[in-house]
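*Asks:*
In our numbering, the protein residues as written are -16 to 195.
#1: Could you give the distance in angstroms between the alpha-carbon of residue 15 and the alpha-carbon of residue 185?
#2: By the 10 Å Cβ neighbour count, where 16 or more other Cβ atoms means buried, how is residue 175 classified, buried or exposed?
#3: For residue -2, collect the residues of the same chain with a Cβ closer than 7 Å to its Cβ; drop the 5 residues on either side in sequence, then sort them by chain order.
#4: Can you tell me where the beta strand (DSSP E) with residue 90 in it begins and where it stops?
#5: By the DSSP assignment, the beta strand (DSSP E) with residue 3 in it spans what residues?
#6: Determine which residues share a DSSP beta bridge with residue 74 and list them.
#7: Spatial neighbours of residue 30 within its chain, please: CB distance less than 6 Å, with the 5 preceding and 5 following residues excluded, ordered by chain position.
#8: In angstroms with no decimal places, state the Cα-to-Cα distance between residue 179 and residue 75.
#9: Note down the Cα distance separating residue 154 from residue 145, rounded to an integer number of angstroms.
#10: Could you pull out every residue in the same chain whose Cβ sits closer than 7 Å to the Cβ of residue 218, ignoring the five residues on either side in sequence?
#11: Can you tell me whether residue 162 is helix, strand or coil according to DSSP?
#12: Under the three-state reduction of DSSP, which class applies to residue 134: helix, strand or coil?
#13: If distances are taken between C-alpha atoms only, which option among 42, 67, 36, 44 comes closest to residue 55?
#14: Please report the straight-line C-alpha distance between residue 183 and residue 41, rounded to a whole angstrom.
#15: Taking the continuous alpha helix (DSSP H) assigned at residue 178, which residues delimit it?
#16: Please tell me whether residue 13 and residue 92 are closer than 9 Å, where the distance is taken between their beta carbons.
#17: Identify every residue that forms a DSSP beta bridge with residue 30.
#18: Report all residues from its chain with a CB closer than 6 Å to the CB of residue 57; omit the five preceding and five following residues, and keep chain order.
#19: Assign residue 88 to buried or exposed, taking buried as 16 or more other Cβ atoms, counted over all protein chains shown, within 10 Å of its Cβ.
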């Protein structure tokens, strides 16, 4: 099992147990990358990574809400995963649908960062077709609003793919004003990349997955 205390989530959230996701991949770096990405999108779940199917079996596999499994491990232990196909997501390097296994939902790990984020956000919002829906995270109504209304407006346009010049024209303001708004947004949220801003915008309901 891959142990990284910076990535592993606690098993309690607000005094309640949280859903758990298992990543099974013999490629340690790939597994840790996926673990970190899932945790950034689904902060209310616990993610554990295993180098082999035997390690998963030794850690009560029935406790996991989803399995993200490398295709070679799935094929070696096909009977187990087909029995649990409603919560199995196959990690593949091919984006071509005809190369994916019929009984399973596939997740292309070689996709662009934007597509990876969009796919994982879709899973968090509604699970995969025919699969299990993730439990909705608790809503904290006391969370302080971090961004101003104008900053939220700029943020939504950024994650929709518009560049600074286009945003300035759409909002009828100067380009330096948009640059300032963008800097303030990234400073307030401590998120520099468009992918991380996208995660924030979707998770806070500012944009829908279909808009990014």
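Positions of the beta carbon are idealized from the N, C-alpha and C atoms, including for glycine.
Since this is a predicted model, take the numbers as computed values, not measurements.
*Replies:* In this structure, then:
#1: Roughly 23 Å separates the two Cα atoms.
#2: Exposed: under 16 other Cβ atoms inside 10 Å.
#3: Low confidence applies to residue -2: its pLDDT is 45, below 50, so where it sits in the model is not reliable enough to give any reading.
#4: According to the DSSP assignment, residue 90 belongs to the beta strand (DSSP E) that extends over 88 to 91.
#5: Start and end: 3 to 7.
#6: According to DSSP, residue 74 bridges with 53, 90.
#7: Excluding residues within five positions, the ones whose Cβ falls inside 6 Å are 4, 18, 21, 22.
#8: Looking at the two C-alpha atoms, the distance is approximately 23 Å.
#9: Approximately 12 Å between the Cα atoms of the pair.
#10: In the structure as shown, the chain starts at -16 and stops at 195, and residue 218 therefore has no counterpart that could be examined.
#11: Reduced to three states, the DSSP call for residue 162 is helix.
#12: Here residue 134 sits in helix by DSSP.
#13: Taking each of 42, 67, 36, 44 in turn and checking the Cα distance to residue 55, the smallest one comes out for 36.
#14: C-alpha separation (whole angstroms): 35 Å.
#15: Looking at the DSSP string, the run of the alpha helix (DSSP H) that includes residue 178 is 177 to 186.
#16: Closer than 9 Å, so yes.
#17: Beta-bridge annotation (DSSP): residue 30 is paired with 4.
#18: Cβ neighbours of residue 57 within its own chain (closer than 6 Å, five residues either side excluded): 64, 73.
#19: By the neighbour-count rule (16 or more Cβ atoms within 10 Å), residue 88 is buried.
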